[in-house]
């Protein structure tokens, strides 16, 4: 166990290697508290991390712990100080109590920040010295800038079609397989721009320098042609001629063909590539391996012993020369393509940097590189270091394993100043990290730098090196499982390429010795036949018959397995500290290596009805609500875009039916917008097409006249967008839908600050953003249901969860050959990268580049092992590993875990750890297909303990708090249709249809809605269809039909014609809200129907009591007399000179009760 007092002692320089879940943040904040206790000013402490979240968490933890010190009693205070190794004498306790106030009131506060924020702060202080624009802004998303740089590069190459840039671009397009491959190669160049700047630092001509370095490494000359040199070599030609002559002595059909090819090759005086290929085809196979030419009786019989020996020797000699020429040609190809890559990459980078300079912005790479240059290479370096040195006495760095070479190089001057400074000045360095958790190699992170920093501090600052393997997170079950997987005993089988060992892994232990937990390797999902038709017809009509696509069911089955396991454990009791609670969706994470198969697991959760938060990639731009809005905006810009219009019409914004779209499609020729104008004229104002006809021309008129944000604001307001989408969404998705809609509106302000009315520009910007759509907007916290999180392992770094599923673990993690990709290596001891060029695919790669790529496979494989370790150690109490049987190759992580657990079973370690193994055999019952396993520790909580009663001893209650509140003026919300009377069957207005308390209330809701639509002038057919679409999902058809007949009978009844015949009144309105003040009370309600005549007003309220008859309606009506009178009073105030009639219509029996005339 690590000595905490040594790690936190202010006088020690310390490097801590702390395993996952061991409390790195706690240790770092403890160190900060010890520094403050020593008397260090908060502003003299600098704590660096790699994410804003981590930096914020450090500051928050320090603040919370200082508050706890200030508020604790003596015993608790002493305990907290002892935990961090601080003194507990009276002076120390007094100082500890004052730290919170000192922390809050410090003129120069404690700085907990990210590397990039620290660089930004330095550059803002020294902009002229760093050669950056004063007042620069930081741009976090560079997609738009990169796209603009590409366009500028294209224009630059087009202006000089025969120039160096155009020729280099042609080379890349040809050798990279087209536009996509070229884009990928040059995007890689931009991604490695910091390495390029370091590689060519201080060089006047970076391209020539890099080409010269590469030429020397590959031992090639730019103008050399190994194929031509081979064919022109007199000795080689002599060998080929003699070889052909000897082949003629054994004139088989194959040899005759070989002789013809060799003769043609010798006759080619131009030494062309074709002649080389002729010789190559004779001596080498298609895999560039020497063809077999062995001594045989037949050969010796034809040629004799001496000539047989000679032809075999010549065959080997020519093959050797050919292979050397091929290797030389591949090296020359690497040189040629890499030089073109340099030329185009530098040109693209120049345009990219120019655009940033014009806009006064920097990106993250700029922050690091400019700061590195300022502190190391500029003529102001010493002065800047001196100024920084005055403010930094103690440097702490969290997660140091994620440092990249540029960051290490910019930190080094600060470390040198701290170590070499005034010995009387108290200064220190504290680094904490874990090489096993280095998983950001794609961001240039290099875990070797942790070794380098540790060695440097040991050598120059006598730093203490400490290790911590005691987990404060996980149950013993999880820790034992991790140890079985990664701890390599002496008798384990030799490692293979399918293994993922962790170098120098030390067995872990846990602080939670009694915490129940379970780790399980779930059965591997077997590979089965794909679904789909085996033999589809040769021709099909794509409008009538969908294409049959074979579907791999493995990941779907794995998703169902995981979803079933989640449903099984939801609601289970788990321990959390000292309390026990039920497991919810928020306690579960599903981790994936990448997003490739994420949709299968998300679909399985949807099928199981389990709310979840998806992986994020494309979650915003590909959400249905955002796609609907984008289609709507496209239609406003492009009235001829029928597909966009169809999508917008079907959205909740208009809610058009399939029949509506069919009518549009079958209308006379013209654009759908024109057809909409013609069709909608015959519809009622509430119809979907009529609504679209009314709104679309109005919104189109705004385009080009108002900024995009204002346009969207009007669309949202006039179209009631948010409310319509929330009504259409399932409950657990409503917060996400609302967040997406609001974020879409906010995006309009990000383009040109929302000032210019360019809708086309905004849509183009959205398309570019979609390519880098890697996260969703934050959802509102209100009304948020617990949800399972589906995320990548990289995104889960730094997180933990009671339950973790590692899915798709059997997927092969081998690096697939994806064509040309950069080969870059920056040794930790060097000031610049060792090499920087483009390596080809397997067929084109040269021998030197292949050796370098092989050299880089070890760091890549180490990171795969780190990813597995990170995934397993996110779990606190339950861990499940699942996978699908791969189509080819090994079983990836799953196979490695399975292998290690099998060995644990054979060696006896499994029994000691409590691991149970179960072998699953194939159908023959003899061959073991899969070994699944589970490990459980302790007993799960069985009951939820009662909360201890809160003691009131020592509390004095103010007597005034025991007095009742004074009576307030009564507020009445009166509405006969929503009365509390037993016979009232209409639910509260705020209650949704699916939330109505009784069947009678649902009946009332539907009939009221029918009468509202029927009395608006709509046709019966339209109303019936619309109401069924609105409520049919929750109704029995027989109930709906009965209620429909009942509703239709009301306006058709002769006695009621005076209320529904437009010829018999001036105006009629439905669902009229009324609100007025009466004697200190608010009277509010909704009048079902209001009929206005020349001399009278009629207030009508529908009553849908199913048991109403002619005999009992008078009695039922009495229950509503007072409330109707209140309604009448409100109407009288609006129309004081008119007579007032109050009428109740009972729909079940077709009876009317008129309460009174006023």
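Numbering (the UniProt record's numbering), first residue to last: 1 to 1158.
Where is the CB? At the ideal position from N, CA and C, for every residue including glycine.
When only Cα atoms are considered, residue 454 and residue 463 end up about 8 Å apart. Counting only runs that start and end inside the segment 88–165, the beta strand (DSSP E) elements of at least 3 residues fall at 111–114. Look at residue 849 here: in three-state DSSP terms it is helix. In this structure, residue 865 places its C-beta atom within 8 Å of the C-beta atom of residue 502.
Judged by their CB atoms, residue 406 and residue 372 are nearer to each other than the 8 Å cut-off. Contact between residue 342 and residue 207 holds, with the beta-carbon distance rounding to 5 Å and staying under 8 Å. Taking a contact to require three or more Cβ pairs closer than 8 Å, the segment 57–64 and the segment 100–117 qualify as touching.
Spatial neighbours of residue 663 in its own chain (CB-CB distance under 7 Å, excluding positions within 5 residues in sequence) are listed in chain order as 679.
Excluding its 5 nearest sequence neighbours in each direction, residue 163 has C-beta neighbours in its own chain below 8 Å: 157, listed in chain order. Taken in chain order, the whole alpha helix (DSSP H) runs of length 4 or more contained in the segment 249–306 are 253–267, 273–283, 297–303.
The beta carbon of residue 394 is closer than 6 Å to those of 35, 45, 428 in its chain, skipping five residues each way along the sequence. Residue 922 and residue 857 have their alpha carbons spaced roughly 35 Å apart. Contact between residue 189 and residue 348 holds, with the beta-carbon distance rounding to 7 Å and staying under 8 Å. About 5 Å separates the beta carbon of residue 1145 from that of residue 1102, a gap short enough to meet the 8 Å contact definition. Note on geometry: alpha-carbon atoms of residue 703 and residue 713 lie some 13 Å from one another. Comparing alpha-carbon positions, the option among 1078, 732, 1148, 1059 lying closest to residue 1132 turns out to be 1078. By the neighbour-count criterion, in which a residue is buried when 16 or more other Cβ atoms sit within 10 angstroms of its Cβ, residue 735 is buried.
The straight-line gap separating the alpha-carbon atoms of residue 421 and residue 105 is approximately 29 Å. Rounded to the nearest whole angstrom, the CA to CA distance from residue 544 to residue 844 is 46 Å. In the DSSP assignment, residue 931 falls within the beta strand (DSSP E) that extends over 928–937. For residue 789, the three-state secondary structure derived from DSSP is strand. Counting only residues of its own chain and dropping the five nearest sequence neighbours on each side, residue 82 has a CB closer than 8 Å to the CB of 88. Pairwise C-beta distances place the segment 1121–1141 in contact with the segment 1075–1091, as three or more of them are shorter than 8 Å. The Cβ atoms of residue 1087 and residue 1072 sit closer than 8 Å to each other. Counting the other CB atoms within 10 Å of its CB gives residue 1154 a total below 16, which places it among the exposed residues. Taking all protein chains shown into account, residue 442 has fewer than 16 neighbouring C-beta atoms within 10 Å of its C-beta and is therefore exposed. Following the DSSP letters along the chain, one finds residue 49 inside the beta strand (DSSP E) bounded by residues 45–49. Taking each of 123, 2, 839 in turn and checking the Cα distance to residue 367, the smallest one comes out for 123. Considering only 558, 504, 512, 470, the residue with the shortest C-alpha distance to residue 526 is 558. The three-state secondary structure of residue 595, taken from DSSP, is coil.
An exposed status is given to residue 939, since fewer than 16 other beta-carbon atoms sit within 10 Å of its beta-carbon. Ranked by Cα distance from residue 213, the first of 601, 837, 513, 822 is 837. Beta-bridge annotation (DSSP): residue 881 is paired with 521, 806.
Contact annotation: residue 1060 and residue 1152 have beta-carbon atoms that are not nearer than 8 Å.
Counting only runs of at least 4 residues, the segment 1108–1154 fully encloses the following alpha helix (DSSP H) elements, listed from N- to C-terminal order: 1113–1118, 1121–1134. Between the C-alpha atoms of residue 65 and residue 33 there is a straight-line separation of about 9 Å.
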